[in-house]
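Under mature numbering (1 follows the signal peptide of the UniProt record, and there is no 0), read the sequence shown as residues -21 to -1, 1 to 243, first letter to last.
For reference, the structure discussed in these notes is given below.
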Amino acid sequence: MNRYLIHALLFAAALLGTAQAQSNKVIDVATRSGITERILLNAPPQPRAVVLLFNGSNGQVEIKDNGELGAGRGNFLLRTRTLWNARGLASVVVAPPSDHNEEPFLADFRDTPEHAADVQALISQLRQQFHVPVWLVGTSRGSLSAAAVASRLAPPAGPDGIVLTSSILYDKQQRTVTALPLDALQVPVLLVHHKRDACRQSNPADVPALLSQIATAPRSEVMYIDGGQSQGDPCDSYAYHGFNGTESLVIDKIADWILRQDKK
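Right, dumping it as structure tokens:
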């Protein structure tokens, strides 16, 4: 039997019973030849969409065999992963692939054909199992993953849409979202930013310029968030940059926007 068909069947077996709620289901998915990518699935009964969640910073995510998270668990998207379920969306935490699961993790990998190939394999298999739209949601440097993959993978191979939260827009040393070929995006794009984000690399004043770069996308919008509290370094997960204290509000607004696109 074809090796890739075997992997698809194993993935399907891991997702048997999709009509029932699935919480903290750990699955190792074969992506490129000889490479696997570990994901953590939380799904409500009959989800209306799936969101793949990309951590910020260097992308390190530790998914333990029992479904608990180690490194990276404080990240905005990782700590809110189950909130999507109440809105009818399945969430998928994406760990680095097996060939990038140590330093520097995804730091030099997010905008590569290999990263796009890994994510495309996840998108394909999740669509086959759930038969619903699959979106990419990135936060901070994770937005680079979501935007880079979507700019490389046109529909129908790529995602149905992307959400970029607290995007890194300025960095003298590393690539940012604004350096990508964003005119290649062919899916809806939502930008989410906190009005008081004090991280120098994600200044709210730079968001309109990013919006102008994605003007060719079928639909695009900026969503500004206010409120909450900021703790520690302004670029950390519990600052305004990580939507500390507004998590439920942010997830609700993003979920509403995603589900509206499915009706258009």
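Glycine residues also receive a C-beta, built at the ideal position from the N, C-alpha and C atoms.
According to DSSP, is residue i helix, strand or coil?
| i | result |
| --- | --- |
| D7 | strand |
| R52 | coil |
| Y149 | coil |
| I102 | helix |
| I14 | coil |
| N64 | helix |
| I237 | helix |
| V168 | strand |
| A96 | helix |
| A74 | strand |
| Y217 | coil |
| Q1 | strand |
| I230 | helix |
| V30 | strand |
| T155 | coil |
| N223 | coil |
| G181 | It is Ser, not Gly, that sits at residue 181 in the sequence shown. In the structure shown, S181 sits in a helix (DSSP, three-state: H, G or I). |
| A(-9) | Caution applies to A(-9), whose pLDDT of 49 falls short of 50 and renders its modelled position unreliable; the model cannot decide the point. |
| L85 | coil |
| H79 | helix |
| V111 | coil |
| V40 | coil |
| A69 | strand |
Sorted by chain position, which residues of the same chain lie with C-beta nearer than 8 Å to residue i's C-beta, five sequence neighbours on each side aside?
| i | result |
| --- | --- |
| L164 | A126, A129, S130, I141, I193, T195, A196 |
| C61 | Here the sequence assigns Thr to residue 61, which means Cys is not the residue at that position. For T61, where only same-chain residues beyond five positions count, the Cβ hits under 8 Å are S2, N21, S70. |
| A28 | G67, L68, A69, V111, P112, V113, W114, D139, I237, L238, D241 |
| I230 | T59, L62, W63, R66 |
| A(-3) | Note that A(-3) scores a pLDDT of 43, beneath 50, so its modelled location is shaky; the value from the coordinates is reported in the next line. Answer for A(-3): P24, Q25, listed in chain order. |
Among residues of its own chain, excluding the 5 on either side of residue i, which ones have a beta-carbon nearer than 7 Å to its beta-carbon?
| i | result |
| --- | --- |
| P134 | Q165, V166 |
| residue 246 | Any property of residue 246 remains undetermined from this structure, which presents the chain solely from -21 to 243. |
| H79 | L85, F88 |
| D90 | L123, A127, R154, L159 |
| S227 | L62 |
| V5 | R17, L19, I42, D44, G46 |
Would you call residue i buried or exposed, if buried means 16 or more other Cβ atoms sit within 10 Å of its Cβ?
| i | result |
| --- | --- |
| A188 | exposed |
| A136 | exposed |
| S36 | buried |
| Q39 | buried |
| D97 | buried |
| N45 | exposed |
| P26 | buried |
| E16 | buried |
| S209 | buried |
| G221 | buried |
| Q104 | buried |
Relative to the alpha-carbon of residue i, which residue among the options has its alpha-carbon at the smallest distance?
| i | options | result |
| --- | --- | --- |
| I233 | L19, N64, Q1 | N64 |
| G121 | F222, A95, S145, V201 | S145 |
| A100 | S209, N182, A9 | A9 |
| D205 | S216, H173, D215, S191 | H173 |
| P24 | N34, T59, F109, H94 | F109 |
| P75 | G53, Q104, R58, I42 | I42 |
| S199 | D162, N34, Q104 | D162 |
| L170 | Y203, G13, P160 | Y203 |
| G207 | S216, N223, V201 | N223 |
| I102 | T225, D215, V156, V73 | V73 |
| L48 | I18, P26, T157 | I18 |
| D215 | T225, E82, R106, A177 | A177 |
| E81 | Q104, E93, L143, A50 | A50 |
Flag residue i as yes if its beta-carbon sits less than 9 Å from any beta-carbon of chain B, otherwise no.
| i | result |
| --- | --- |
| A184 | The displayed structure is made up of one protein chain only, and chain B is not part of it. |
Give me, in chain order, the residues of the same chain whose beta-carbon lies closer than 6 Å to that of residue i; leave out the 5 immediate sequence neighbours on both sides.
| i | result |
| --- | --- |
| Q180 | I147, Y149, D150 |
| R175 | Y219 |
| P160 | S130 |
| L56 | L32, T118 |
TODO: May I have a chain-ordered list of the beta strand (DSSP E) segments no shorter than 3 residues that lie completely inside the segment 116 to 141?
DONE: none
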